[in-house]
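Residue numbers (the working numbering): 9 to 257. A short write-up of the structure that comes next.
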Ligand code: IPE
Ligand code: IPE
Ligand code: MG
């Protein structure tokens with residue numbers, strides 16, 4: 009039995025039914041801080057600890073792709089002080105996790121309108137992608153300055169350019185062509201979508217890719233989200249009957 013199988017057995021997980029891609033809307037940092045009479049930034053700091061836990065757990069059990077929604081295209085409308093603090097935290101996270109990513113064969117990738125990020129953050133993101141490029145284990149995909157409508161708009165533009173340049177015929181535009189022009193090209197669609205802190209909405213996250221994801225919303229605020237709860241959601245996911253529109257006996 010290899011070490012991964014031992015881990016799966018210990019957590020009562022079925023290795024044949026692991027999600028190929030887990031996507032998470034990490035919500036509730038502000039409410040966590042507010043309930044403790046703390047500044048929202050403290051909530052984001054504590055939330056970064058949960059990110060470390062979810063990355064570690066995903067790697068241990070052998071999840072191939074993990075996408076974390078860290079900053080949306082709409083989040084640019086938050087107060088400048090909060091945006092700056094989030095950018096600072098992001099840089100700190102990338103710096104502190106580099107060794108762990110290299111040691112544990114984690115490949116880092118960012119999706120979103122990265123042009124909008126401050127130069128130093130963009131540099132840190134590019135650098136982390138570059139140094140982990142050859143890794144073949146967990147793909148850690150961070151959605152930064154990400155909005156699904158922007159992503160879809162960019163896809164339509166790219167496809168239109170291919171058509172205008174004569175590289176693609178309109179009748180050849182397929183679902184695969186669409187997928188191949190999104191930021192997530194080459195990745196499986198999320199099997200499992202988790203949102204913390206109870207809000208029943210998708211907030212402009214991966215609109216095309218979540219067409220058939222299994223959705224779990226927990227009331228737990230992101231900084232309080234534990235390894236036990238993460239594992240229990242994956243266990244629940246493994247019990248779901250995924251019909252994809254068909255009839256099962
Ligand atoms: C999620 O926590 C983190 C980001 C969106 C960056 P929030 O900051 O949205 O926390 P709440 O929703 O206000 O509690
Ligand atoms: C979604 O959370 C975005 C991220 C988790 C980065 P928000 O807190 O921004 O979403 P809304 O405002 O509840 O839709
Ligand atoms: Mg929120």
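Glycine included, every Cβ here is placed at the ideal spot set by N, Cα and C. Keep in mind the model is a prediction, meaning the values are calculated, not measured.
Annotation for residue 121 indicates a beta carbon at 7 Å or more from all heavy atoms of ligand 3. Shown here, residue 52 sits in a helix according to DSSP, grouped into three states.
For residue 24, there are no CB contacts under 7 Å within the same chain when 5 residues up- and downstream are skipped. Using a cutoff of 7 Å, the CB of residue 94 counts as near ligand 1, since one of the ligand's heavy atoms is closer than that. Here DSSP, grouped into helix, strand and coil, assigns residue 45 to coil. In the three-state scheme derived from DSSP, where H, G and I count as helix and E and B as strand, residue 161 is classed as helix. Between the C-alpha atoms of residue 60 and residue 67 there is a straight-line separation of about 11 Å. The residues 201, in chain order, have a CB closer than 7 Å to that of residue 223 in the same chain once the five nearest residues on each side in sequence are set aside. Burial check for residue 252: the Cβ neighbour count within 10 Å stays below 16, so the residue is exposed.
For residue 211, there is no enclosing alpha helix (DSSP H), as DSSP gives it neither H nor E.
Relative to ligand 1, residue 205 has its C-beta within less than 7 Å of a heavy atom. Look at residue 116 here: in three-state DSSP terms it is strand. Between ligand 1 and the CB of residue 34, the shortest heavy atom gap is smaller than 7 Å.
Measuring C-alpha to C-alpha distances from residue 111 to each of 146, 12, 89, 69 identifies 146 as the nearest. For residue 94, same chain residues with a beta-carbon under 7 Å away, outside a window of 5 residues either side, are 52, 79 in chain order.
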